[in-house]
Structures are given as C-alpha cells and as structure tokens.
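Presented below is the structure to which this report refers.
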Amino acid sequence: MDLIQYDEINAFVNVRLDHQVLMKMPLGYRQQGNIMLIQQAVYGQQESPFLRQKDFTASLQGLGFKPTRGEPCRMTKDGIIVFFYVDDIVFACRRNKRQALQQAVVDLKG
Numbered sequence: 001m002d003l004i005q006y007d008e009i010n011a012f013v014n015v016r017l018d019h020q021v022l023m024k025m026p027l028g029y030r031q032q033g034n035i036m037l038i039q040q041a042v043y044g045q046q047e048s049p050f051l052r053q054k055d056f057t058a059s060l061q062g063l064g065f066k067p068t069r070g071e072p073c074r075m076t077k078d079g080i081i082v083f084f085y086v087d088d089i090v091f092a093c094r095r096n097k098r099q100a101l102q103q104a105v106v107d108l109k110g
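Number 20 in the UniProt record's numbering belongs to position 20 of the sequence shown; there are no gaps in the numbering.
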C-alpha cells in the first residue's frame, strides 16, 4: 500500500464564508468608523473547520470520489482512498494505482 500525506497550507483562508461577517479593524489599521467585511474563513472562527470540510468534500466529489458510509472524512474512487481532517490529508492505494493517485492529487491542486 502506498501512502501520500499532505498538510494543506492556509486551509481555512481558502474557504469562502456562507454568511456575512463584520469585524473591527486590527490595531494599526483602524480608521474612524470603518469595519471589515470578512469574505474568507479565518482561523479561530467556530464554523471554519466545518466550512473547510464541506468545501474539500465538494472538491473531491467533483473529481469522482464517493463518501463512505459512516465516515464523512473518508472517500474512495477506483481503489484510491483519501482520509482528511481539517488540513491533514492522506491518500492511500495499492502500488498498481499509484499513477491514478498522483493524477487525482494533480487534479485536486488544479
């Protein structure tokens, strides 16, 4: 069995929020009466991990991966298994599927 492990950089900030979030400007950036409209999930937001999982699951499904029953963070496609938890991702396959696995990773990054 071959394994490929990834740690996605800035996983949360690559996910768009599904509702409006307003925030005070940080110190050093404040201008009287201005606030920021946050459009991407940020670290520390309660819903960020859920939004990240939802977004990543949709990306995998777009590539043909199917969820496994009872485990929302494990998906399969043609002998390739992917496990993920927030920004940690592990792909697994038999050696004869390694090229298909590498292509799935390229497609996911694309």
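Ideal Cβ placement from N, Cα and C applies to all residues, glycine included.
Residue pairing by DSSP places PRO67 opposite MET75 in a beta bridge.
In the structure shown, the three-state DSSP call for ALA92 is strand. Taking C-beta atoms under 8 Å as the contact rule, ALA41 and LEU51 qualify, at a distance of about 5 Å.
Linking PHE84 to MET1 through their CA atoms gives a straight-line distance of about 18 Å.
Shown here, VAL15 sits in coil according to DSSP, grouped into three states, outside any helix or strand. Shortest Cα-Cα distance from GLY79 to any of PHE91, LYS24, LYS109 and GLY70 involves PHE91. In this structure, ILE89 lies near TYR6, with their beta-carbon atoms less than 7 Å apart.
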